[in-house]
Amino acid sequence: GQSLEQPSEVTAVEGAIVQINCTYQTSGFYGLSWYQQHDGGAPTFLSYNALDGLEETGRFSSFLSRSDSYGYLLLQELQMKDSASYFCAVRDPTGTNAGKSTFGDGTTLTVKP
Amino acid sequence: DARVTQTPRHKVTEMGQEVTMRCQPILGHNTVFWYRQTMMQGLELLAYFRNRAPLDDSGMPKDRFSAEMPDATLATLKIQPSEPRDSAVYFCASGLRLAGGTDTQYFGPGTRLTVL
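Line by line, the protein sequences are chains A and B.
Under our numbering, the first residue of the first sequence is numbered 43, with each subsequent residue one higher.
Under our numbering, the first residue of the second sequence is numbered 46, with each subsequent residue one higher.
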């Protein structure tokens with residue numbers, strides 16, 4: 043099976059940098075994804091890491107270390123609109139379940155002025 | 046701008062009634078997921094289809110829930126009979142599963158279900 047751990051809440055100020063960590067325990071591993079969900083909205087895809095290292099997309103970056111079963115989402119130059127929940131998810135590589143993802147419980151990020 | 050659509054957006058019903066939620070995946074996508082989200086349980090996968098075939102519905106209470114894809118443009122999730130504990134937001138998501146490809150799921154706006 044798959045299980046993921048991420049902090050439940052993180053608070054930071056506008057303009058700052060924040061890192062949201064995700065550790066996972068999986069029977070197999072194919073990739074780590076990050077999703078953002080604003081209150082009352084739907085999750086939206088942010089990034090995907092299949093290989094070790096850093097993926098950068100604008101103000102957001104995502105990092106993966108497969109040997110440590112660990113990844114993080116880095117948000118730079120925080121803006122008030124970044125206040126949302128952030129979910130990490132792992133993709134199941136095995137057989138007919140390939141493509142199925144398990145989501146973490148989410149981290150609620152609050153950005154303060 | 047291709048999007049996943051879901052109907053209805055909101056549904057209030059009484060315990061024991063049948064509820065049907067519909068989803069139109071993005072054209073060309075070959076995977077469809079149904080999720081349920083509550084404050085207590087987070088985002089739970091209920092069912093997963095690939096090329097319209099159900100691959101995994103282990104997260105779904107079989108006695109009352111059913112999920113189908115009658116064609117490539119429609120996925121349905123039914124609850125019969127509904128219970129108050131089914132109150133949640135139900136999301137449909139679609140994606141394009143290619144071997145070794147990125148894992149991107151596009152979520153619909155959700156159906157907010159309240160069972161009284």
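All residues carry an ideal CB built from backbone N, CA and C; glycine is no exception.
TODO: Go ahead and pull the three-state DSSP assignment for residue 124 (chain A).
DONE: Numbered from 1 along the first sequence, position 82 holds the residue referred to as residue 124 (chain A). Reduced to three states, the DSSP call for residue 124 (chain A) is helix.
TODO: Classify residue 115 (chain B) as buried or exposed, calling it buried when 16 or more other Cβ atoms lie within 10 Å of its own Cβ.
DONE: Within the second sequence, numbered from 1, the residue matching residue 115 (chain B) stands at position 70. Residue burial annotation: residue 115 (chain B) is exposed, with fewer than 16 other C-beta atoms found within 10 angstroms of its C-beta.
Task: Beta-carbon proximity check, residue 155 (chain B) vs residue 86 (chain B), cutoff 8 Å - done: Taking the first residue of the second sequence as position 1, residue 155 (chain B) is located at position 110. Taking the first residue of the second sequence as position 1, residue 86 (chain B) is located at position 41. No Cβ-Cβ contact shorter than 8 Å links residue 155 (chain B) with residue 86 (chain B).
Open item on the list: Please classify residue 81 (chain A) as buried or exposed, where buried requires at least 16 other C-beta atoms within 10 Å of its C-beta.
Closed with: For the purposes of this step, residue 81 (chain A) is identified with residue 39 of the first sequence, where counting begins at 1. Label assigned to residue 81 (chain A): exposed.
Open item on the list: Suppose you measure from the CA of residue 131 (chain B) to the CA of residue 110 (chain A); what does that come to, to the nearest Å?
Closed with: For the purposes of this step, residue 131 (chain B) is taken as residue 86 along the second sequence, with counting starting at 1. For the purposes of this step, residue 110 (chain A) is taken as residue 68 along the first sequence, with counting starting at 1. Computed Cα separation, rounded: 37 Å.
Open item on the list: Distance cutoff 8 Å, beta carbons only. Does residue 94 (chain A) sit that close to anything in chain B?
Closed with: Here residue 94 (chain A) is taken as the residue at index 52 of the first sequence, counted from 1. Not closer than 8 Å to any Cβ of chain B, the Cβ of residue 94 (chain A) fails to qualify, so no.
- [ ] Using a Cβ-Cβ cut-off of 8 Å, state whether residue 145 (chain A) counts as contacting chain B.
- [x] Taking the first sequence and counting its residues from 1, one reaches residue 145 (chain A) at position 103. Yes, because at least one Cβ of chain B sits closer than 8 Å to the Cβ of residue 145 (chain A).
- [ ] Measure the C-alpha to C-alpha separation of residue 105 (chain B) and residue 135 (chain B) and round it to an integer number of angstroms.
- [x] For the purposes of this step, residue 105 (chain B) is identified with residue 60 of the second sequence, where counting begins at 1. For the purposes of this step, residue 135 (chain B) is identified with residue 90 of the second sequence, where counting begins at 1. Their Cα atoms are separated by approximately 12 Å.
- [ ] Counting only runs of 3+ residues fully inside the region 65-125 of chain A, write out the beta strand (DSSP E) ranges in chain order.
- [x] Within the region 65-125 of chain A, the complete beta strand (DSSP E) runs of at least 3 residues fall at 74-79, 86-91, 95-99, 102-107, 112-117.
TODO: May I have the straight-line CA-CA distance separating residue 145 (chain A) from residue 128 (chain A), to the nearest angstrom?
DONE: Walking along the first sequence from the start, residue 145 (chain A) turns up at place 103. Walking along the first sequence from the start, residue 128 (chain A) turns up at place 86. Looking at the two C-alpha atoms, the distance is approximately 10 Å.
Task: Same chain, Cβ closer than 7 Å to residue 142 (chain B), five either side skipped, listed in chain order - done: As a position in the second sequence, residue 142 (chain B) is number 97, starting the count at 1. Result list for residue 142 (chain B): 75, 76, 95, in chain order.
Open item on the list: At the 8 Å Cβ level, is residue 88 (chain B) part of the contact set with chain A, yes or no?
Closed with: Taking the second sequence and counting its residues from 1, one reaches residue 88 (chain B) at position 43. It does: the Cβ of residue 88 (chain B) has a partner Cβ on chain A nearer than 8 Å.
TODO: Go ahead and pull the three-state DSSP assignment for residue 97 (chain B).
DONE: Position 52 of the second sequence holds residue 97 (chain B). Residue 97 (chain B) carries a coil assignment under DSSP once its states are collapsed to helix, strand and coil.
- [ ] Could you round the C-beta distance between residue 64 (chain B) and residue 124 (chain B) to whole angstroms and report it? I think they count as a contact, below 8 Å.
- [x] For the purposes of this step, residue 64 (chain B) is taken as residue 19 along the second sequence, with counting starting at 1. For the purposes of this step, residue 124 (chain B) is taken as residue 79 along the second sequence, with counting starting at 1. The Cβ separation is near 4 Å, so the contact holds.
TODO: Check each candidate in B:59, B:97, B:112 and name the one with the smallest Cα separation from residue 80 (chain B).
DONE: Numbered from 1 along the second sequence, position 35 holds the residue referred to as residue 80 (chain B). Ranking the options by Cα distance to residue 80 (chain B), first place goes to B:112.
Open item on the list: Do residue 134 (chain A) and residue 67 (chain A) count as a contact pair if the criterion is CB distance below 8 Å?
Closed with: Within the first sequence, the letter at position 25 stands for residue 67 (chain A). Within the first sequence, the letter at position 92 stands for residue 134 (chain A). For the pair residue 67 (chain A) and residue 134 (chain A), the CB atoms are not nearer than the 8 Å cut-off.
TODO: Verify whether the separation of the beta carbon atoms of residue 119 (chain B) and residue 69 (chain B) is less than 8 Å.
DONE: Taking the first residue of the second sequence as position 1, residue 119 (chain B) is located at position 74. Taking the first residue of the second sequence as position 1, residue 69 (chain B) is located at position 24. Their beta carbons are under 8 Å apart, which means residue 119 (chain B) touches residue 69 (chain B) by this criterion.
Open item on the list: On the DSSP letters alone, give me the boundaries of the beta strand (DSSP E) that residue 70 (chain B) sits inside.
Closed with: One-based indexing of the second sequence puts residue 70 (chain B) at position 25. Segment: none, residue 70 (chain B) is in no beta strand (DSSP E) and carries neither H nor E.
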